[in-house]
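J.: When the letters of the sequence shown are read in order and numbered with mature numbering (1 follows the signal peptide of the UniProt record, and there is no 0), they come out as residues -23 to -1, 1 to 103. Beta carbons: idealized from backbone N, C-alpha and C, even for Gly.
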Amino acid sequence: MKQSKVISIFFFIVLLHAVSSFSQQQLSVKAFEKGIQNDVQLIDVRTKNEYDSGHIKNARLANWYDKVEFSKNTNSLNKSIPIYLYCKSGVRSGEASKLLASKGFKVFELKEGIDQWISESKKIVY
């Protein structure tokens, strides 16, 4: 029993390290804005209602809260093209970023989300 707990903890630590070593990075609004000028896959992980209330131009919706929709909208992404993603404040995009990075994508996340984007007077579309 004790040995199985030790083994479980060991594998958990190894898995945690493996996930954290994948390619993901948080970017400031300025760096994110510069990055999306290139050939990237821009993903909004908020809900459809949030997306419809304003999003960054050219962003594709992939609702993190709806796992079926999220999978459907991210399965066709190209691993050779970086993913730039955001949510409202950075929580959902952080979780989505870890998942996508663990699948081999290079992921850049908007630090503090679209709230920060808007607070820095950046454009959104409807």
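#1: Whole angstroms are fine: how far does the CA of glutamate 46 sit from the CA of valine 102?
#2: For the segment 54 to 61 and the segment 71 to 89, state whether three or more C-beta atom pairs, one from each stretch, are separated by less than 8 Å.
#3: Any idea if histidine -7 is buried or exposed, counting beta-carbon neighbours within 10 angstroms, 16 or more meaning buried?
#4: Please report how far the alpha carbon of aspartate 92 lies from the alpha carbon of serine 66, in whole angstroms.
#5: Drop a sphere of 10 angstroms on the beta-carbon of tyrosine 28, count the other beta-carbons inside from all chains shown, and report buried for 16 or more, exposed for fewer.
#6: What three-state label does DSSP hand residue 104 in the structure shown?
#7: Over the uninterrupted alpha helix (DSSP H) stretch that includes glutamine 93, give me the two end residues.
#8: Would serine 96 be called buried (16 or more neighbouring beta carbons within 10 Å of its own) or exposed?
T.: Quick answer:
#1: 22 Å
#2: yes
#3: At histidine -7, the pLDDT of 49 sits below 50, so the modelled position is not reliable and the matter cannot be decided from this model.
#4: 6 Å
#5: buried
#6: Beyond the ends of the chain as shown, which are -23 and 103, falls residue 104; an answer cannot be given.
#7: 90 to 96
#8: exposed
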